[in-house]
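Protein chains in written order, with the numbering used here: chain A, 1 to 346; chain B, 1001 to 1346. Where is the CB? At the ideal position from N, CA and C, for every residue including glycine. Okay, so here's the structure we're looking at.
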């Protein structure tokens, strides 16, 4: 089926047996790497880095070369879609991403266009093609997008938020307006992921970073169904491409998340791998879930904690080792090396 | 047993039947109230407000007079204990609480004193006595403290944190140091709550605001046992005083939290009241769990959402209505009025 040499990731996502858990880290191409900082300096800005395929490819490959991870993940940002919808994404040092034109009204939502990925997000597709070519079939490439609710909350807040007052109040007060936004985003995300697959992504992942801020009933009524629309559409067009979905803070809802037509479920560190397996049953691969702050200790502690997680994997074929959230800036590199060594049994 | 006129709160905590759910809101004396802002202006600073018993009493009573809540809660801050331990608490506008001298080493932890509440935190005890007297036995008074882990993480970080890198890394790398800190804090918190009870508190609550940032095994090994020590000691000295414990983000661990010798369990909005009841069984009162952002909609939506929660309470005697977290600054007052009216069936 696949001509990829290291196919551990693809195999576990299909329920096949592998010699050891495949490993990659969320944000593995990031600020903790000096070579990343050098390339970013060259790019001039974070968006400049995302929008220059050669540089996006360069940083995507850096952690592969350094650590030998079992998968590469496209270097990009989940907010490229809202940017392509016209919201005007910009970054201020230390402030995180912001939008020049947040969305707050039904009227504004109705006018939002659905981006054509090859037209409006061509720089992403060019990056996928270039990375795929550069990887030379050694390891699989993961494409990704934010979940509809995660994108919607950013688009309504206009920036990262602690309490999500604007987005959640709009959801409660005008559910039909937010539903329209979610529907548009489901379509946009699905087209975007399908285009990444056409461009060469071997796996796609949905980052539902803010699903966990919703009350249970709102997650089940709005958050999860909007992910389901994406998953069903992508699976219809690319049935052989594995999909991973990760709702941060979604441990309580795993028995609902497992109903999605996905192949892997990301979990954070607030639920143990063993308990997650109990909630999910044996049908899906689980991905996670080392607390990223453990990488601020020392190699000995990192190795012990990695082993604790590996020991919980009672099904040999069903675990992708990862962190429970993105690797943090200033993470010491020797601790990432210890993590990888522990998984390889070195 | 009690001579308190409105004893709904005390009754539900003892498993007795009441006509309707008692209601109070976390941070009910807060910045959304113009009368609070006026008193705070008078006090000059947040800590000045906490440290002047007359003013702390004044703001404690304000939401009772305005909304007729079924309980008052001492106006204070969870960080009074670390401040009394010598860390130098201060507040900068828009920055949240900070410590001049964060704790990072075993040596510093060993030297930390256990505050004597009547000596070192006399202003809190004076406030409790004054509030109790001013309430005139109309409604019960809730005393409170932060959980040991919540205080420890603040003391190690030195300020509020998003990722808790310092505190969690210290926990993983030097568990014996953090255990000592937690042991000292369990003792300090217990003495503090017992002193509040002696001064007049009818109920005490433990705010485990940051328990939910821990991995499951760390919560079960460090967070929960340190709460248990507090609970067991308070219960030993004041067996008739109900205790409520609230671990924000602890929905996954309710089946463990229920083993504490507490009377009430606080829950946030990420778990439904119905699901929490299933996890806890019929032995404890549940407190919560309206998403505070719902109070940014309008009275009609607030009333609908309050009713949805009330309808999940299948055991008439076992629910204290509250938010799932503190009420937010700028919450419109008319929506709080709508909340209270919905609970009263008005």
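- Ranked by Cα distance from residue 327/A, the first of 15/A, 12/A, 11/A, 25/A is 25/A.
- For residue 215/A, the residues of chain B that pass the 7 Å Cβ criterion are 1269, 1270, 1291, in the order they occur in the chain.
- Of the candidates 302/A, 298/A, 284/A, 302/A places its Cα closest to the Cα of residue 290/A.
- Between the beta-carbon of residue 286/A and that of residue 309/A there is about 10 Å, and that puts the pair past the 8 Å contact cut.
- Its chain contains 1081, 1145, 1146, 1147, 1148, 1151, 1206, 1230 as the residues whose beta carbon lies nearer than 8 Å to that of residue 1189/B, once the 5 sequence neighbours on both sides are disregarded; these appear in chain order.
- Listed in chain order, the beta strand (DSSP E) runs fully inside the segment 1102-1146 of chain B are 1141-1146, counting runs of at least 3 residues.
- Exclusion of the five residues before and after residue 1053/B leaves 1123, 1126, 1127, 1130 as the residues of its chain whose Cβ lies within less than 7 Å of its Cβ.
- In terms of beta-carbon proximity, residue 1301/B lines the interface with chain A, with at least one pair separated by less than 8 Å.
- Listed in chain order, the alpha helix (DSSP H) runs fully inside the segment 1171-1216 of chain B are 1175-1199, counting runs of at least 4 residues.
- Residue 69/A and residue 298/A have their C-alpha atoms spaced approximately 20 Å apart.
- At a C-beta separation below 7 Å, residue 1103/B has no neighbours in chain A, since its nearest C-beta there lies roughly 17 Å away.
- Comparing alpha carbon positions, the residue from 4/A, 329/A, 246/A closest to residue 32/A is 329/A.
- Here residue 1136/B is exposed. Its C-beta has fewer than 16 other C-beta atoms within 10 Å.
- Within chain A, the residues 173 have their CB atoms less than 7 Å from the CB of residue 1298/B, given in chain order.
- Residue 97/A places its beta carbon 8 Å or farther from that of residue 106/A.
- The way I'd put it, the segment 331-342 of chain A doesn't touch the segment 1043-1050 of chain B; fewer than three beta-carbon pairs between them come closer than 8 Å.
- For residue 305/A, the chain B residues whose Cβ falls inside 8 Å of its Cβ are 1172, in order along the chain.
- Put simply, of 223/A, 182/A, 104/A, 319/A the residue whose alpha carbon is nearest the alpha carbon of residue 20/A is 319/A.
- When C-beta atoms of the segment 1207-1226 of chain B are compared with those of the segment 1113-1120 of chain B, fewer than three pairs fall below 8 Å, so the two segments do not count as touching.
- The beta carbon of residue 156/A lies closer than 7 Å to those of 102, 103, 104, 166, 167, 170 in the same chain, with the five residues before and after it left out.
- For residue 311/A, the enclosing alpha helix (DSSP H) stretches over residues 299-312.
- When the alpha-carbon of residue 258/A is set against those of 243/A, 269/A, 240/A, 284/A, the nearest one is in 284/A.
- Classified as buried, residue 62/A has 16 or more neighbouring CB atoms from the shown chains inside 10 Å of its CB.
- Here residue 1203/B is not near residue 1265/B, since their CB atoms are 8 Å or more apart.
- Check the Cα spacing between residue 139/A and each of 300/A, 14/A, 269/A, 22/A: the tightest is with 22/A.
- Closest by C-alpha distance to residue 1012/B, out of 1323/B, 1262/B, 1296/B, is 1262/B.
- At a beta-carbon threshold of 8 Å, none of the residues of chain B lie near residue 287/A; the nearest stands roughly 16 Å away.
- In summary, no residue of the segment 316-327 of chain A has a CB separated from any CB of chain B by less than 7 Å.
- Annotation for residue 1322/B: the continuous beta strand (DSSP E) segment containing it runs 1319-1323.
- Look at residue 1036/B here: in three-state DSSP terms it is helix.
- As DSSP reads the structure, residue 1244/B sits in a beta bridge with 1205/B, 1264/B.
- The Cβ of residue 1248/B sits no closer than 8 Å to any Cβ of chain A.
- Per the DSSP secondary-structure output, residue 1023/B pairs in a beta bridge with 1321/B.
- Annotated as distal: residue 1340/B and residue 1164/B, with beta-carbon spacing of 8 Å or more.
- DSSP lists 1264/B as the beta-bridge partner residues of residue 1285/B.
- Non-local beta-carbon contacts of residue 192/A in its own chain, meaning distances under 7 Å to residues more than five positions away in sequence, involve 81, 117, 121, 145 in chain order.
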